[in-house]
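Below: one structure, written as structure tokens.
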Amino acid sequence: MLAKRIIPCLDVRHGKVVKGVNFEGVKDVGDPVACAAEYNRQGADEIVFYDIVASHEGRGTFLDVVRETAKQVFVPLTVGGGISSVEDMRETLRAGADKISINSSAVKNPKLISEGAEIFGSQCIVVGIDAKRDGRGGYTVYANGGRIDMHVDLLEWVQEIERRGAGEICLNSIDTDGVRGGFDLEMLKDVCARVRIPVIASGGAGKLSDFATVFEQTDATAALAASLFHFGELTIPQVKADCRSKGILMR
Amino acid sequence: MIAVIDYGAGNLFSVCNALKYLNIAHEVTKDADVIDRADAVILPGVGAFPAAMDSLHATGLVDTIKQNAAKKPLLGICLGMQMLFDRSDENGDCDGLGLITGEVHRILSKRVIIPHMGWNELVITQESPLLSNIEKPVFTYFVHSYQAFCDDKKIIAYCEYDGRIPALVTDGKFVFGAQYHPEKSGEKGLQMLRNFEELAR
Numbered sequence: 000m001l002a003k004r005i006i007p008c009l010d011v012r013h014g015k016v017v018k019g020v021n022f023e024g025v026k027d028v029g030d031p032v033a034c035a036a037e038y039n040r041q042g043a044d045e046i047v048f049y050d051i052v053a054s055h056e057g058r059g060t061f062l063d064v065v066r067e068t069a070k071q072v073f074v075p076l077t078v079g080g081g082i083s084s085v086e087d088m089r090e091t092l093r094a095g096a097d098k099i100s101i102n103s104s105a106v107k108n109p110k111l112i113s114e115g116a117e118i119f120g121s122q123c124i125v126v127g128i129d130a131k132r133d134g135r136g137g138y139t140v141y142a143n144g145g146r147i148d149m150h151v152d153l154l155e156w157v158q159e160i161e162r163r164g165a166g167e168i169c170l171n172s173i174d175t176d177g178v179r180g181g182f183d184l185e186m187l188k189d190v191c192a193r194v195r196i197p198v199i200a201s202g203g204a205g206k207l208s209d210f211a212t213v214f215e216q217t218d219a220t221a222a223l224a225a226s227l228f229h230f231g232e233l234t235i236p237q238v239k240a241d242c243r244s245k246g247i248l249m250r
Numbered sequence: 000m001i002a003v004i005d006y007g008a009g010n011l012f013s014v015c016n017a018l019k020y021l022n023i024a025h026e027v028t029k030d031a032d033v034i035d036r037a038d039a040v041i042l043p044g045v046g047a048f049p050a051a052m053d054s055l056h057a058t059g060l061v062d063t064i065k066q067n068a069a070k071k072p073l074l075g076i077c078l079g080m081q082m083l084f085d086r087s088d089e090n091g092d093c094d095g096l097g098l099i100t101g102e103v104h105r106i107l108s109k110r111v112i113i114p115h116m117g118w119n120e121l122v123i124t125q126e127s128p129l130l131s132n133i134e135k136p137v138f139t140y141f142v143h144s145y146q147a148f149c150d151d152k153k154i155i156a157y158c159e160y161d162g163r164i165p166a167l168v169t170d171g172k173f174v175f176g177a178q179y180h181p182e183k184s185g186e187k188g189l190q191m192l193r194n195f196e197e198l199a200r
């Protein structure tokens, strides 16, 4: 049986962590490498780096962060933001990423999923999704960080992602993201019912029990959070202890 | 010094990062002399079995590896572990190194997601120096679609994935194989690499 995973996500801009991370003992709260190392020490099962600027000029700095982190962090590293070609994927994997995450570029060019899976293997390809209720009982997929409605039906999109060979889906609900009222259980259930590949829950974690709840009530295999961990409101060991006490398998 | 075999099909990068982090002397090499004078050997590997065996044959190192495996510790990682066995049927039949008796086939279960990817718990069935100073439970990071089938005597630890998957195997002497990635398995994975270096001393 695979353990459920707890994944902290670090948003990086110009080589610095956005919103800084308040860790005791970490002096430079903006240093992504130090933050990733601290998450590793806390027992994170995987670490996600997201390049939120994703400009061509800033690419080198961002990949330096990935390269440096890979020298100090020995759990899987997923890297996303600004990856829109097979070449970008190759460059990111070479920098030390174990998986690459694509989002808007996959919606705009779904072939990128199949090409990436073919060349690097399904296990390397995570497709991130930003989705929102459409007001008619369904969900629609957004691009560009949730700014552009792509008018793509979420439940059809996840099946296409699986068919094209992606290894994982990271599902972020725009409706619950930032609200801190818990993960979007309804959306997760609907997506998990349609695919066999692992689904990572993202967006909405606000309190300790939200993590155990998402594992108890949906088939999500991992839960991702950012600010909750950054601001030190919850630590990864706390989250894992709560899940374990409820009978959920954790590393 | 540990020789990390470079045959163009392994992901040497993360193994070397881990060895460097641990201050373990190592040399990435395709040179038989370096392997002969090394204290131990690591055989990494990702990708498909026949392609990796072809690349290994192309380096001309197969005999060197077999000779060294009889007298110093050798650790195969992931596909490198699978290559230690007699043969695999990934993309057609292909002979392996034959250092551990057994075969490699696709994970049988139809009820689980393939690839087997994520953190799974080792069920330890045999004591091994590779696992010393590591507290239970031991979860390690797996990414693979094929698995070994071998005698229980060769298995140090397995994991449950709707069936048993050999996770850490040995020939009973110098040869070890980890189906998981110790270099991606957090602190406990790093400890296994330290333990391997200890063996080489």
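If you read the sequences in order, they're chains A and B. Read in numbering that gives the first Met the number 0, the first sequence has 178 at position 179, and its numbers run on one by one without any break. Read in numbering that gives the first Met the number 0, the second sequence has 153 at position 154, and its numbers run on one by one without any break. For glycine and all other residues, C-beta sits at the position ideal for the given N, C-alpha and C. Since this is a predicted model, take the numbers as computed values, not measurements.
Item                                                                                                                                : Value
Other residues of its chain near leucine 154(A): CB distance less than 8 Å, five sequence neighbours each side excluded             : Gly137, Tyr138, Asp189, Val190, Arg193
Delimiting residues of the alpha helix (DSSP H) encompassing proline 181(B)                                                         : Element bounds for proline 181(B): n/a, residue is neither H nor E.
Any chain B beta carbon closer than 8 Å to aspartate 97(A)                                                                          : yes
Chain B within 8 Å of alanine 69(A), Cβ atoms only                                                                                  : yes
Whole alpha helix (DSSP H) elements within the region 54-79 of chain B, 4-residue minimum                                           : 61-68
According to DSSP, residues forming a beta bridge with leucine 223(A)                                                               : Ile6(A), Ser201(A)
Close beta carbons around asparagine 39(A), own chain, < 8 Å, minus the five adjacent residues each side                            : Ile46, Gln71, Val72, Phe73, Val74
Contact under 8 Å by Cβ, aspartate 241(A) with leucine 187(A)                                                                       : no
Residue-chain proximity (phenylalanine 138(B), chain A), Cβ-Cβ < 8 Å                                                                : yes
Proline 114(B) in three-state terms, based on DSSP                                                                                  : coil
Below-8 Å beta-carbon distance, phenylalanine 12(B) vs any chain A residue                                                          : yes
Any chain A beta carbon closer than 8 Å to glutamate 159(B)                                                                         : yes
Which of helix, strand or coil DSSP assigns to lysine 98(A)                                                                         : strand
Glutamate 161(A), DSSP secondary structure in three states                                                                          : helix
Threonine 169(B) - DSSP class collapsed to helix/strand/coil                                                                        : strand
Partner residues on chain B for alanine 2(A), Cβ-Cβ distance less than 8 Å                                                          : Gly117, Trp118, Asn119, Glu120, Phe138
Burial state of lysine 153(B), where buried means 16 or more other Cβ atoms lie within 10 Å                                         : buried
Arginine 163(A) classed as buried or exposed, judged by whether at least 16 other C-beta atoms fall within 10 angstroms             : buried
Any C-beta of chain B under 8 Å from that of serine 208(A)                                                                          : no
Whole-angstrom distance between phenylalanine 195(B) and glycine 171(B), CA atom to CA atom                                         : 15 Å
Interface residues of the region 187-204 of chain A facing chain B [CB-CB below 9 Å]                                                : Arg195, Ile196, Pro197
Neighbour list for proline 7(A) in chain D, Cβ cutoff strictly below 9 Å                                                            : Any reference to chain D falls outside this structure, whose protein chains are A and B.
Below-8 Å beta-carbon distance, proline 43(B) vs any chain A residue                                                                : no
Under 8 Å between C-beta atoms of alanine 68(B) and leucine 98(B)                                                                   : yes
Pairwise C-alpha distance: cysteine 77(B) and valine 64(A)                                                                          : 27 Å
In DSSP terms, what phenylalanine 148(B) is bridged to                                                                              : Glu102(B)
The region 48-59 of chain A: positions lying closer than 7 Å to chain B by Cβ                                                       : none
Contact set between valine 74(A) and chain B, taken where Cβ atoms lie within less than 8 Å                                         : Tyr140, Lys183, Ser184, Gly185
Reference aspartate 35(B); option with closest CA among Ser54(B), Asn22(B), Ile64(B), Gln178(B)                                     : Ile64(B)
Residues bridged to leucine 42(B) [DSSP beta-bridge criterion]                                                                      : Gly75(B)
Alanine 200(A) classed as buried or exposed, judged by whether at least 16 other C-beta atoms fall within 10 angstroms              : buried
Chain-order list of residues whose beta-carbon lies under 6 Å from that of serine 127(B) (same chain, five-residue window excluded) : Ile155
Exposed unless 16 or more other CB atoms sit within 10 angstroms - verdict on isoleucine 164(B)                                     : buried
Chain B within 8 Å of serine 121(A), Cβ atoms only                                                                                  : yes
Residues that DSSP places opposite lysine 206(A) in a beta bridge                                                                   : Looking at the DSSP assignment, lysine 206(A) forms no beta bridge with any residue, so it has no partner.
Histidine 55(A), buried or exposed, once every other Cβ within 10 Å from all chains shown has been counted against 16               : exposed
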